[in-house]
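**Q** Sharing a structure here in structure tokens format.
Number of protein chains: 2
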Amino acid sequence: MTTVTQGLAVVDVQPVCCTPISAAPLDRATAEGLARLLKAVADPTRLQLLSLVAGTQAREACVCELTEPLGLTQPTVSHHLKVLVDAGLLTRKRRGPWAYYGLVAERFDDLRTLLSTP
Amino acid sequence: MTTVTQGLAVVDVQPVCCTPISAAPLDRATAEGLARLLKAVADPTRLQLLSLVAGTQAREACVCELTEPLGLTQPTVSHHLKVLVDAGLLTRKRRGPWAYYGLVAERFDDLRTLLSTP
DNA sequence: CCGTTGCATAGACCTTTGTCAATCCGAGGG
DNA sequence: CCCTCGGATTGACAAAGGTCTATGCAACGG
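Heads up: the sequence lines are chains A and B, in that order. With the working numbering applied, the first sequence corresponds to residues 1 to 118, in that order. With the working numbering applied, the second sequence corresponds to residues 1001 to 1118, in that order.
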């Protein structure tokens, strides 16, 4: 189980999936792990955030660039970004006073593999 | 907007997605539609249901085959199946006293397309 | 026609979650 | 050292969602 540092708290990252949903009947524990990953994406605000980040030149953006197009408060945006980081879908790098969030393409590959049908 | 009949109620089916999340910044309405689709998959019980259906020979199963491996009551299983049908991920066909639920592969294709990264 | 069997629906309960206002922390700049 | 600015954290609150029990409904067999 890998871990990642977010501020001072250390948060668990899901043990990656990588097998199609049809490969074998999912046991409850595995299903709960995958559901946590999918839940991170299954929110309109977070989809918009991912879309905005993916649309940038460098595939990364800071909070200040994201809060206005969404019309939400800064704490709310920070909260959603944390959810995405904890799920392994975004990375967070501090540069000066700003925090830059970047896409993790491999994590999206995992999701696509999971959702492939026989 | 297509509709589907589930018992007597007529339920909306999401207008399909089919463009990668990075294609253009998502407006709120589109994001909410896509989130509804993803939420249907983002639940451990429903992932197990999809896995069980996908694992069968004919890619379909009736409720009686699904309720026992999950250890949940029949109404709960029926509830989750309805959510998946409403999202367009499963179809429902009555054959005699049984209701058979089958995978909709195209809907999973939509999800994979949505989650592709640049 | 009545009973049984498989499934759907309704309602209640508790947990999870998205949002905000308020506050705190960290990095620079005078 | 203090002030400012970008972000993170906390706590509160309302809304959404998963599960159950109880009940309703359709199809079929005597």
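For every residue, glycine included, the Cβ atom is placed at its ideal position computed from N, Cα and C.
For a contact meaning CB atoms closer than 8 angstroms, what does residue 28 of chain A contact in chain B?
**A** Taking the first residue of the first sequence as 1, we reach residue 28 of chain A at position 28. Ordered by position in chain B, the residues that pass the 8 angstroms Cβ test against residue 28 of chain A are 1044, 1048.
**Q** Inspect the CB distances between the segment 1048-1064 of chain B and the segment 1090-1106 of chain B and report whether three or more fall short of 8 angstroms.
**A** Contact holds: three or more Cβ-Cβ distances are below 8 angstroms.
**Q** Under 6 angstroms: does the beta carbon of residue 78 of chain A sit that close to some heavy atom of the ligand NAD?
**A** Within the structure as shown, the ligand NAD is missing, as the structure has no ligands at all.
**Q** In chain order, what residues of the same chain lie with their CB nearer than 7 angstroms to the CB of residue 117 of chain A, ignoring the 5 residues before and after it?
**A** Locating residue 117 of chain A in the first sequence gives position 117, where the first residue counts as 1. Cβ within range, chain order: 22.
**Q** Ignore the nearest five residues each way along the sequence and tell me which others in residue 8 of chain A's own chain have a CB closer than 7 angstroms to its CB.
**A** For the purposes of this step, residue 8 of chain A is taken as residue 8 along the first sequence, with counting starting at 1. The pLDDT assigned to residue 8 of chain A is 32, lower than 50, so where the model puts this residue is not dependable, and the model offers no usable value.
**Q** Counting only runs that start and end within the segment 40-104 of chain A, where is the alpha helix (DSSP H) found for 4 or more residues in a row?
**A** The segment 40-104 of chain A contains these whole alpha helix (DSSP H) runs: 44-54, 63-70, 74-86.
**Q** Tell whether a beta-carbon distance below 7 angstroms holds between residue 1031 of chain B and residue 38 of chain A.
**A** By one-based count along the second sequence, residue 1031 of chain B stands at place 31. By one-based count along the first sequence, residue 38 of chain A stands at place 38. Not a contact, by the Cβ cut-off of 7 angstroms.
**Q** In whole angstroms, what separates the C-alpha of residue 1018 of chain B from that of residue 1115 of chain B?
**A** On the second sequence, position 18 is the one that residue 1018 of chain B refers to. On the second sequence, position 115 is the one that residue 1115 of chain B refers to. Roughly 10 angstroms between the two C-alpha positions.
**Q** In this structure, does DSSP put residue 1030 of chain B in helix, strand or coil?
**A** Translated into positions along the second sequence, residue 1030 of chain B becomes position 30. It is helical.
**Q** Starting from the Cα of residue 1020 of chain B, find the closest Cα among A:54, A:44, A:25, A:107 and give me that residue.
**A** Translated into the one-based positions of the second sequence, residue 1020 of chain B becomes position 20. That would be A:54, whose Cα lies nearest to the Cα of residue 1020 of chain B.
**Q** For residue 117 of chain A, which three-state DSSP category applies?
**A** As a position in the first sequence, residue 117 of chain A is number 117, starting the count at 1. Residue state, collapsed to three classes: coil.
**Q** Shorter than 7 angstroms from the beta carbon of residue 81 of chain A to some beta carbon of chain B?
**A** Within the first sequence, residue 81 of chain A is the residue found at index 81, counting from 1. No, residue 81 of chain A lies away from the interface with chain B (no Cβ there is under 7 angstroms from its Cβ).
**Q** Would you say residue 78 of chain A faces chain B, with C-beta separation under 7 angstroms as the test?
**A** On the first sequence, position 78 is the one that residue 78 of chain A refers to. False, the Cβ-Cβ gap to chain B never drops below 7 angstroms.
**Q** Tell whether a beta-carbon distance below 7 angstroms holds between residue 84 of chain A and residue 40 of chain A.
**A** Stepping through the first sequence from its first residue, residue 84 of chain A is reached at position 84. Stepping through the first sequence from its first residue, residue 40 of chain A is reached at position 40. For residue 84 of chain A and residue 40 of chain A, yes; Cβs fall inside 7 angstroms.
**Q** Indicate whether at least one CB of chain A lies closer than 7 angstroms to the CB of residue 1063 of chain B.
**A** Here residue 1063 of chain B is taken as the residue at index 63 of the second sequence, counted from 1. Closer than 7 angstroms: no.
**Q** Tell me the rounded alpha-carbon separation between residue 25 of chain A and residue 1051 of chain B.
**A** Locating residue 25 of chain A in the first sequence gives position 25, counting from the first residue. Locating residue 1051 of chain B in the second sequence gives position 51, counting from the first residue. The alpha-carbon atoms of residue 25 of chain A and residue 1051 of chain B are separated by roughly 5 angstroms.
**Q** Taking residue 111 of chain A as the query, report the chain B residues whose CB atoms sit under 7 angstroms from its CB, ordered along the chain.
**A** The sequence position of residue 111 of chain A within the first sequence is 111, counting from 1. Chain B residues near residue 111 of chain A: 1115.
**Q** If you count every other CB in all the chains shown that lies within 10 Å of the CB of residue 1075 of chain B, and 16 or more means buried, which is it?
**A** Along the second sequence, read from residue 1 onward, the residue named residue 1075 of chain B stands at position 75. So residue 1075 of chain B ends up on the exposed side.
**Q** Kindly indicate which residue of B:1060, B:1027, B:1105 has the alpha-carbon position closest to the one of residue 1088 of chain B.
**A** The residue labelled residue 1088 of chain B in the question sits at position 88 within the second sequence. Among B:1060, B:1027, B:1105, the Cα nearest to that of residue 1088 of chain B is on B:1105.
**Q** Which class does residue 200 of chain A belong to by DSSP, given the choice of helix, strand or coil?
**A** In the structure as shown, chain A starts at 1 and stops at 118, and residue 200 of chain A therefore has no counterpart that could be examined.
**Q** Whole-angstrom Cβ separation of residue 47 of chain A and residue 1035 of chain B, contact assumed at under 8 angstroms?
**A** Taking the first sequence and counting its residues from 1, the one referred to as residue 47 of chain A is at position 47. Taking the second sequence and counting its residues from 1, the one referred to as residue 1035 of chain B is at position 35. With 8 angstroms as the limit, residue 47 of chain A and residue 1035 of chain B qualify as a contact, their Cβ atoms being about 6 angstroms apart.
**Q** Check the Cβ-Cβ distances between residue 93 of chain A and every residue of chain B, and say whether any is below 7 angstroms.
**A** Here residue 93 of chain A corresponds to residue number 93 of the first sequence, with the count starting at 1. Taking Cβ atoms only, chain B never reaches closer than 7 angstroms to residue 93 of chain A, which makes this a no.
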